Amino acid sequence: MKRSPPADRHAWEDAFIAGLRAYGMASRAAQAAGVSDSTPYARRKRSAAFRQRWDQTLADYRARRPAKLRNRADKPAPRQWQRTFLEALSETSNVSASAKRAHVPPREAYRLRRCDSDFADAWRAALFEGYANLEMEVLGYLRDPTPKHRMDVASALRLLAAHKDTIAGERATRANVSAAEVRASIERKVEIFRRQIANRREPAADEH
Numbered sequence: 176m177k178r179s180p181p182a183d184r185h186a187w188e189d190a191f192i193a194g195l196r197a198y199g200m201a202s203r204a205a206q207a208a209g210v211s212d213s214t215p216y217a218r219r220k221r222s223a224a225f226r227q228r229w230d231q232t233l234a235d236y237r238a239r240r241p242a243k244l245r246n247r248a249d250k251p252a253p254r255q256w257q258r259t260f261l262e263a264l265s266e267t268s269n270v271s272a273s274a275k276r277a278h279v280p281p282r283e284a285y286r287l288r289r290c291d292s293d294f295a296d297a298w299r300a301a302l303f304e305g306y307a308n309l310e311m312e313v314l315g316y317l318r319d320p321t322p323k324h325r326m327d328v329a330s331a332l333r334l335l336a337a338h339k340d341t342i343a344g345e346r347a348t349r350a351n352v353s354a355a356e357v358r359a360s361i362e363r364k365v366e367i368f369r370r371q372i373a374n375r376r377e378p379a380a381d382e383h
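Sequential numbering from 176 applies to the sequence shown in the numbering used here.
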């Protein structure tokens, strides 16, 4: 007899965790669980138990990966830096930071994206995941009246704006809508974030 999930656990969570265990990427796990990419991130914000399962599953996934490959110059071998770069991109949406973590110049990552369609596809998927994560981070920060940590929201908004065209194309493909429509939606959301930041700063300025 199939056991039902605990009352405080959503029906899709186990499938998502199983997907995360298999693929190591939230966007693919969400697809396997039959939910939108933003759903797990929203749940992660609200549920400490789910967040803990997510983090532990990713840690286990990375622990199972083969040891780092090295070439003769003691630099990360191609497969290794690509994997590290994509993992960082899915976490940060920041190409420069991801390249730094992978110990390669950003131009090398861009060059490979131009000439390798598989890497370009993986780049878009990782960027899409990182973008969704960043949106949820900004939204959660702005909704929290007393955030426990400081966030560089201005830099986050610059990243959201910089990648809007790529994300618009990816979301349009997945949702079967026009890229222009998605792009307009992203621009509205970023503008809302900017206004919320401005509104938050005004009371602080009045106190001085």
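Yeah, the Cβ is synthetic: ideal placement off N, Cα and C, and Gly gets one too. Quick caveat, the model's predicted, so the values are computed rather than measured.
C-alpha gap between residue i and residue j, whole angstroms
i: Asp293; j: Tyr285; result: 13 Å
i: Ile192; j: Met311; result: 19 Å
i: Tyr236; j: Gly315; result: 27 Å
i: Ile372; j: Leu317; result: 7 Å
i: Ala329; j: Tyr216; result: 21 Å
i: Phe368; j: Arg299; result: 24 Å
i: Arg203; j: Ala190; result: 11 Å
i: Arg239; j: Gly194; result: 15 Å
i: Asp296; j: Arg221; result: 31 Å
i: Thr321; j: Trp187; result: 31 Å
i: Arg363; j: Asp327; result: 20 Å
i: Glu345; j: Val210; result: 16 Å
i: Arg196; j: Glu283; result: 30 Å
i: Gly199; j: Asp319; result: 29 Å
i: Thr348; j: Ala355; result: 12 Å
i: Ala234; j: Pro280; result: 26 Å
i: Val365; j: Ala336; result: 7 Å
i: Ala272; j: Cys290; result: 22 Å
Collapsed DSSP secondary structure at residue i in the structure displayed
i: Arg282; result: helix
i: Val210; result: coil
i: Lys243; result: Residue confidence is low: Lys243 scores 46 on pLDDT, short of 50, so the model does not pin down where it sits. Its coordinate-derived value is still stated next. Lys243: coil per DSSP, three-state reduction.
i: Arg370; result: helix
i: Asp183; result: coil
i: Ser265; result: helix
i: Ser271; result: helix
i: Ser353; result: coil
i: Gly199; result: coil
i: Ser222; result: coil
i: Ala248; result: Any reading at Ala248 must be qualified, since the residue scores a pLDDT of 47, below 50, and its modelled position is unreliable; no value is offered.
Neighbour-count burial assignment, residue i, 16 or more Cβ in a 10 Å radius
i: Thr232; result: buried
i: Ser353; result: exposed
i: Asp340; result: exposed
i: Lys219; result: Residue identity check: residue 219 is Arg in the sequence provided, not Lys. It is buried - the Cβ of Arg219 has at least 16 other Cβ atoms within 10 Å.
i: His338; result: buried
i: Arg325; result: exposed
i: Glu262; result: buried
i: Asn351; result: exposed
i: Asn308; result: buried
i: Asp212; result: buried
i: Ser274; result: Residue identity check: residue 274 is Ala in the sequence provided, not Ser. Its Cβ being crowded by 16 or more others within 10 Å, Ala274 is buried.
i: Ala359; result: exposed
Chain D contact for residue i (CB, 8 Å cutoff)
i: Trp187; result: In the structure shown, chain D cannot be found, because there is only a single protein chain.
The segment 300–320 touching the segment 259–269, judged by at least three CB pairs closer than 8 Å: Touching, yes, given that three or more Cβ pairs across the two stretches are closer than 8 Å.
Residue ranges of each alpha helix (DSSP H) run of no fewer than 4 residues wholly in the segment 275–339, ordered along the chain? For the segment 275–339, whole alpha helix (DSSP H) runs of length 4 or above, ordered along the chain, are 281–290, 292–318, 328–337.
May I ask you to verify whether the segment 256–265 touches the segment 220–231, counting CB pairs closer than 8 Å and requiring at least 3? No contact exists between the segment 256–265 and the segment 220–231.
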